[in-house]
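Undergrad: Numbering (full-length UniProt numbering), first residue to last: 2 to 331. Quick reminder that beta carbons are idealized off the backbone N, C-alpha and C, glycines included. One structure, pasted below without further comment.
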Ligand code: ADP
Ligand code: NA
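Rendered as structure tokens:
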């Protein structure tokens, strides 16, 4: 009954999630929902820090939620909701922003990277305070653990600092969360550029495996993946990043160990190996895609599930927020 609480989320920043989101996040979340009281959010407020098309955002939000469910996140077991459906996220963000140092926020490396990429016009105050919103996401639910990629570790550290600072200054209102950093073996790289992380916001999607793509399109992308001239199916991240990445995907999707896969393809060429992996990808993503499309066929039903889960999230979030308001004198 008293399971520790877990919080994680993803931005609805594309029509489809990619293989890295599936392997690095959804597959882990699916397992973690047994042991934790898990909260999985589609963080649409965060997505507003990128160039926005209102009609598209609404579609992407629903599609992202459908893919969570299709990948095995159960809305009857975990709390799967849309961030903006719970107003407490925005409200707590304001309070936390008043205890966040300007210089402290300015040290966030993701902000520095993104503001450089986006340019002056798109470097908004929202992009700057993004980590404070993320802190509110986590702290509202008295979260114990936060599974994140390495790139989000600094934001969880900030979250911990803010929780401790508030608790010290005003009295204990927040659990101090612990980040659980994603394993290296769960990191997936672009099939065309295997030293860059696979991403929904990659400039070209030639090396991106989309969860909702037609299976034959994904199979083609696997067959065209960049390898090397050595010809042996062997894991060596440094010298064989392409083949190593394919091995990691193969292992993650089958639950097999990399050495066993190397053995199976010993003395055979990359063509055979890629054909094998293409089958694995089609077998795994095909049914996920079917389930997601079926859910999207009945948006009213999906919206009902999301509303019920948002109500459950709100109840907890409102409790934390009321305590915080009381403590700061509001
Ligand atoms: P994207 O770069 O596709 O927009 P996000 O930054 O929104 O991905 O990340 C959403 C979740 O998916 C995070 O938990 C992140 O760690 C995970 N993730 C994203 N890309 C990858 C990848 N290439 N390999 C492993 N995990 C990934
Ligand atoms: Na994210």
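Strictly by DSSP, which residues pair up with residue 135?
TA: Against the chain shown, residue 135 aligns to sequence position 134. Paired residues: none, contrary to the question.
Undergrad: With 16 other CB atoms within 10 Å as the buried threshold, where does residue 103 fall?
TA: Looking up residue 103 in the chain shown gives position 102. Under this definition residue 103 is an exposed residue.
Undergrad: Residue 6 lies in the beta strand (DSSP E); which residues open and close that run?
TA: Residue numbering aside, residue 6 sits at position 5 when the chain shown is read from its first letter. Element bounds for residue 6: 6 to 11.
Undergrad: Just checking residue 194 against ligand 1 - is the residue's beta carbon closer than 7 Å to any of the ligand's heavy atoms?
TA: To locate residue 194, count along the chain shown from 1; it is residue 193. No, the Cβ of residue 194 stays beyond 7 Å of every heavy atom of ligand 1.
Undergrad: Would you kindly report the start and end of the unbroken beta strand (DSSP E) that includes residue 82?
TA: Residue 82 sits at position 81 when you count from the first residue of the chain shown. Here the beta strand (DSSP E) through residue 82 covers 80 to 83.
Undergrad: Which class does residue 39 belong to by DSSP, given the choice of helix, strand or coil?
TA: Indexing the chain shown from 1 puts residue 39 at position 38. Of the three classes helix, strand and coil, the one that applies to residue 39 here is strand, per DSSP.
Undergrad: Please name the residue, chosen from 290, 315 and 150, that lies closest to residue 66 on a Cα-to-Cα basis.
TA: Counting from one through the chain shown, the residue named residue 66 turns up at place 65. The shortest Cα separation from residue 66 among 290, 315 and 150 belongs to 290.
Undergrad: Can you give, in chain order, each stretch of the beta strand (DSSP E) that sits fully within the stretch 64 to 131 and has at least 3 residues?
TA: As far as the stretch 64 to 131 is concerned, its whole beta strand (DSSP E) runs of at least 3 residues are 80 to 83.
Undergrad: Taking a contact to mean a Cβ-Cβ separation below 8 Å, would you say residue 52 touches residue 123 in this structure?
TA: Counting from one through the chain shown, the residue named residue 52 turns up at place 51. Counting from one through the chain shown, the residue named residue 123 turns up at place 122. Their beta carbons are under 8 Å apart, which means residue 52 touches residue 123 by this criterion.
Undergrad: Considering just the uninterrupted stretch of the beta strand (DSSP E) at residue 228, what are its terminal residues?
TA: Numbered from 1 along the chain shown, position 227 holds the residue referred to as residue 228. Segment: none, residue 228 is in no beta strand (DSSP E) and carries neither H nor E.
Undergrad: Just tell me which of 83, 19 and 178 has its CA closest to the CA of residue 155.
TA: What you label residue 155 is simply residue 154 of the chain shown in a count that begins at 1. That would be 178, whose Cα lies nearest to the Cα of residue 155.
Undergrad: From the DSSP output, read off the bridge partner residues of residue 241.
TA: Here residue 241 refers to the residue found at position 240 when the chain shown is read from its first residue. Answer is 237, bridged to residue 241.
Undergrad: Can you tell me whether residue 184 is buried or exposed, with buried defined as 16 or more other CB within 10 angstroms of its CB?
TA: On the chain shown, residue 184 is found 183 positions in, with the first residue counted as 1. Result: exposed.
Undergrad: With a CB to CB cut of under 8 Å and the five nearest residues on each side skipped, what residues in its chain are close to residue 321?
TA: Position 320 of the chain shown holds residue 321. Same-chain partners within the cutoff: 89, 93, 140, 141, 142, 143, 174 and 175.
Undergrad: Please tell me whether, using a cut-off of 7 Å, the distance from the CB of residue 21 to the nearest non-hydrogen atom of ligand 1 is below it.
TA: Taking the chain shown and counting its residues from 1, one reaches residue 21 at position 20. Indeed, a heavy atom of ligand 1 lies less than 7 Å from the Cβ.
Undergrad: On the three-state DSSP scale, how would you describe residue 321?
TA: For the purposes of this step, residue 321 is taken as the residue at position 320 of the chain shown. Three-state result, residue 321: helix.
Undergrad: What are the start and end residues of the alpha helix (DSSP H) that includes residue 262?
TA: Reading the chain shown from its first residue, position 261 is the one you call residue 262. Its alpha helix (DSSP H) spans residues 259 to 265.
Undergrad: What is the residue span of the beta strand (DSSP E) that residue 179 lies within?
TA: On the chain shown, position 178 is the one that residue 179 refers to. 179 to 182 is the span of the beta strand (DSSP E), which, as asked, contains residue 179.
Undergrad: So the candidates are 95, 259, 42 and 37; which of them puts its Cα closest to the Cα of residue 9?
TA: On the chain shown, position 8 is the one that residue 9 refers to. Looking at the Cα atoms, 42 is the closest of the given residues.
Undergrad: Among the candidates 218, 276, 168 and 85, whose CA atom is the shortest distance from the CA of residue 312?
TA: Locating residue 312 in the chain shown gives position 311, counting from the first residue. With distances taken between Cα atoms, residue 312 lies closest to 85.
Undergrad: Can you give me the C-alpha to C-alpha distance between residue 223 and residue 276, rounded to a whole angstrom?
TA: On the chain shown, residue 223 is found 222 positions in, with the first residue counted as 1. On the chain shown, residue 276 is found 275 positions in, with the first residue counted as 1. Distance between the alpha carbons of residue 223 and residue 276 is about 8 Å.
Undergrad: For the stretch 199 to 219 against the stretch 31 to 39, are there 3 or more C-beta pairs whose distance is under 8 Å?
TA: Touching, no.
Undergrad: Leaving aside the five residues before and after residue 278 along the sequence, list all residues of the same chain whose C-beta is less than 8 Å from its C-beta, in chain order.
TA: Position 277 of the chain shown, counting from 1, holds the residue named residue 278. Same-chain partners within the cutoff: 223, 247, 250 and 251.
Undergrad: Tell me where the alpha helix (DSSP H) around residue 157 begins and ends.
TA: In the chain shown, the residue the question calls residue 157 occupies position 156. First-last of the alpha helix (DSSP H) with residue 157: 154 to 171.
Undergrad: Is residue 209 helix, strand or coil by DSSP?
TA: Here residue 209 corresponds to residue number 208 of the chain shown, with the count starting at 1. It is coil, neither helix nor strand.
Undergrad: Just tell me which of 191, 256 and 196 has its CA closest to the CA of residue 225.
TA: Reading the chain shown from its first residue, position 224 is the one you call residue 225. Closest by alpha carbon: 191.
Undergrad: Mind checking whether residue 48 and residue 97 have CB atoms under 8 Å apart?
TA: By one-based count along the chain shown, residue 48 stands at place 47. By one-based count along the chain shown, residue 97 stands at place 96. Taking 8 Å as the Cβ cut-off, residue 48 and residue 97 do not qualify as a contacting pair.
Undergrad: Using only the heavy atoms of ligand 1, determine whether one of them is closer than 7 Å to the beta carbon of residue 275.
TA: Mapped onto the chain shown, residue 275 falls at position 274. Checking every heavy atom of ligand 1 against the Cβ of residue 275, none is found closer than 7 Å.
Undergrad: Between residue 147 and ligand 1, is the CB less than 7 Å from at least one heavy atom?
TA: To locate residue 147, count along the chain shown from 1; it is residue 146. No; taking the cut-off as 7 Å, the Cβ of residue 147 has no heavy atom of ligand 1 nearer than that.
Undergrad: Report the residue from 216, 260 and 213 whose alpha carbon sits nearest the alpha carbon of residue 236.
TA: The count along the chain shown starts at 1 and reaches residue 236 at position 235. Among 216, 260 and 213, the Cα nearest to that of residue 236 is on 260.
Undergrad: Tell me which same chain residues have a C-beta within less than 7 Å of the C-beta of residue 82, skipping the five on either side of it?
TA: Here residue 82 corresponds to residue number 81 of the chain shown, with the count starting at 1. Cβ within range, chain order: 42, 307, 310, 311 and 314.
Undergrad: Does the Cβ of residue 323 have 16 or more other Cβ atoms within 10 Å, making it buried, or fewer, making it exposed?
TA: Here residue 323 refers to the residue found at position 322 when the chain shown is read from its first residue. Answer is exposed; the Cβ neighbour count stays below 16.
Undergrad: Closest to residue 133 by CA distance: which of 172, 161 and 117 is it?
TA: In the chain shown, counting from the first residue as 1, residue 133 sits at position 132. Of 172, 161 and 117, the residue nearest in Cα terms is 161.
Undergrad: Please determine whether the Cβ atom of residue 188 lies at a distance below 7 Å from any heavy atom of ligand 4.
TA: This structure simply doesn't include ligand 4; it includes ligand 1 and ligand 2 instead.
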